[in-house]
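Per the numbering used here, the sequence shown runs over residues 1 to 258. Backbone N, C-alpha and C fix where the C-beta goes; we use that ideal spot for every residue, glycine too. Here is the structure we will look at, set down as structure tokens.
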Amino acid sequence: MSGDQKPRDDQTKTARTAVANAADKHASGAPWRNFYGRFKGKTLKDSQKRYLDEDLASLSPGAVDWDVNPDRTPLDLNALFGGKDAWLEIGFGGGEHLVHQAASNPDVGIIGAEPFINGVAMLLGKIRKAGAENIAVHPGDARDLMDVLPEASISRAFLLYPDPWPKARHHRRRFVTQEHLEPLARCLKPGAIFRVATDIPDYVRQTLEEVPKAGFEWLAEGPEDWRQSWDDWISTRYEQKALREGRTPHYLTFRRLG
1 MSGDQKPRDD QTKTARTAVA NAADKHASGA PWRNFYGRFK GKTLKDSQKR
51 YLDEDLASLS PGAVDWDVNP DRTPLDLNAL FGGKDAWLEI GFGGGEHLVH
101 QAASNPDVGI IGAEPFINGV AMLLGKIRKA GAENIAVHPG DARDLMDVLP
151 EASISRAFLL YPDPWPKARH HRRRFVTQEH LEPLARCLKP GAIFRVATDI
201 PDYVRQTLEE VPKAGFEWLA EGPEDWRQSW DDWISTRYEQ KALREGRTPH
251 YLTFRRLG
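Shown next, in the form of structure tokens:
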């Protein structure tokens, strides 16, 4: 070995470490999180563009994204909702269920997280029509939102017809993995309810395997408990599509232990 071989090796190791560290984080300091899905679909209508321009900023739950909250300071939910119980809907799609729950429960504040901007625009139109004033909207990854939700601050959470990622090699992308469930469990109050609706049998299997590992108990006592929808349920466009295509919805209810 030449006399300068070890210094070169050390320099190479240092360079590789720097590259690895850079790959683990964004320039903002955020951890590197692969996002699988769509941010935008077909061209927005002029009315939807107007909703986004005029309404979205005022519905923000606070500083969520890493570029505006690099220290990950928790959101002040008491100030946001005036001391009301806070609920969370993860991936609200077109917003039907979120607005329905907000209108039916004016004594509760509901935060919705959805990265698909077309769905966000649809929600904003529904909020205008319903006149709901107890909704906050994060137009992005629910993982970033859960980073800054205070510990044990959410009384109820919904995961309704999430992306099924049907191929086996993509199952790790599903929400019902510990990467997502552990942060969710952290921000849920002991005794909080977590509802999951899906029409994909294998998603049911994975949900029943993974959710209890994160500190939840399944509340079903018999088959009707997952075959029948909840009393306050409103069927979404995703559920209607599932029914048209002959798939069977499942309604799973869990309670946060602790």
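Pairwise C-alpha distance: residue j and residue i
i, j, result
"Leu257", "Leu208", "15 Å"
"Ser47", "Gly119", "13 Å"
"Ala130", "Leu181", "31 Å"
"Val310", "Pro223", "Because the chain here runs from 1 to 258, residue 310 falls outside it and cannot be looked at."
"Gly94", "Arg173", "21 Å"
"Leu59", "Leu123", "11 Å"
"Thr236", "Glu96", "6 Å"
"Thr43", "Asp199", "28 Å"
"Ala185", "Lys49", "35 Å"
Residue i in three-state terms, based on DSSP
i, result
"Lys84", "coil"
"Lys45", "coil"
"Glu89", "strand"
"Val120", "helix"
"Val148", "helix"
"Val64", "coil"
"Ser155", "strand"
"Ile234", "coil"
"Arg256", "strand"
"Gly109", "strand"
"Ala57", "helix"
"Ala136", "strand"
"Lys129", "helix"
Distance between beta carbons of residue j and residue i, contact taken as under 8 Å
i, j, result
"Pro183", "Phe175", "With 8 Å as the limit, Pro183 and Phe175 do not qualify as a contact, their Cβ atoms being about 11 Å apart."
"Phe194", "Ala157", "5 Å"
"Ser229", "Tyr251", "5 Å"
"Val137", "Gly112", "5 Å"
"Ala142", "Gly91", "7 Å"
The ligand HEM heavy atom lying under 6 Å from the CB of residue i
i, result
"Arg169", "What this structure holds is no ligand at all, so the ligand HEM is not there to describe."
**Prompt:** Is the stretch 70-90 close to the stretch 41-55, with three or more CB pairs under 8 Å?
**Reply:** no
**Asked** How about the stretch 57-70 and the stretch 198-217: do they share at least three Cβ pairs that are nearer than 8 Å?
**Response** No contact exists between the stretch 57-70 and the stretch 198-217.
**the stretch 98-108 in contact with the stretch 168-181 per 3-pair CB rule at 8 Å** = no
**Request:** Any chance you could list the alpha helix (DSSP H) runs of at least 4 consecutive residues sitting entirely within the stretch 157-226, in chain order?
**Result:** 178-187 and 201-210
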